[in-house]
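Okay, so here's the structure we're looking at.
Numbering (our numbering), first residue to last: 53 to 180.
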């Protein structure tokens with residue numbers, strides 16, 4: 053019974069991620085947070101792979117408007133969505149959806165640019 057449950061879980065995991073071992077095509081966007089999917093993209097479409105890696109490395113520092121404009125101009129991306137995923141998550145996360153040519157991609161991005169920082173102030177007594 054445990055083997056059956058494990059097999060069902062693994063099958064569901066691979067089929068949900070947009071990658072199946074038998075090279076079956078699954079409709080919907082490919083989750084580029086999944087390393088197996090990213091490796092398959094690298095093998096099948098190296099141009100898209102380079103664009104995706106560049107997008108994922110820079111998009112977390114941009115606002116929604118900047119990200120949409122930047123992705124459209126730099127990479128020819130279409131149908132760009134960049135919205136809050138969890139309103140109260142720490143660190144904050146956004147869901148990124150975009151399309152390159154006829155392929156749709158999705159990713160969960162952890163924002164680093166909006167991270168609060170602690171700054172210690174020096175106490176300077178006021179002398180009169």
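Yeah, the Cβ is synthetic: ideal placement off N, Cα and C, and Gly gets one too. Here the structure is a predicted model, which means the values were calculated and not measured.
Looking at the unbroken beta strand (DSSP E) that takes in residue i, where does it start and where does it end?
i	result
residue 148	145 to 152
residue 109	First-last for residue 109: 98 to 110, but that is the alpha helix (DSSP H), not the beta strand (DSSP E).
residue 157	155 to 162
Hey, could you find the ends of the alpha helix (DSSP H) residue i is sitting in?
i	result
residue 119	116 to 127
Within a Cβ cutoff of 8 Å, which residues of the same chain sit near residue i, ignoring the five residues on either side of it in sequence?
i	result
residue 133	147, 148, 149 and 150
residue 123	107, 111, 129, 132 and 150
Rounding to the nearest angstrom, what Cα-Cα distance links residue i and residue j in this structure?
i	j	result
residue 155	residue 119	19 Å
residue 127	residue 152	8 Å
residue 87	residue 136	23 Å
residue 85	residue 114	19 Å
residue 162	residue 98	24 Å
residue 105	residue 96	15 Å
residue 82	residue 90	9 Å
Please classify residue i as buried or exposed, where buried requires at least 16 neighbouring CB atoms within 10 angstroms.
i	result
residue 142	exposed
Return the chain-ordered list of same chain residues with a C-beta closer than 6 Å to the C-beta of residue i, the five sequence neighbours on each side being excluded.
i	result
residue 94	101
residue 159	84, 85 and 148
Whose C-beta lies closer than 7 Å to the C-beta of residue i among residues of the same chain, with five residues either side of it excluded?
i	result
residue 103	127 and 152
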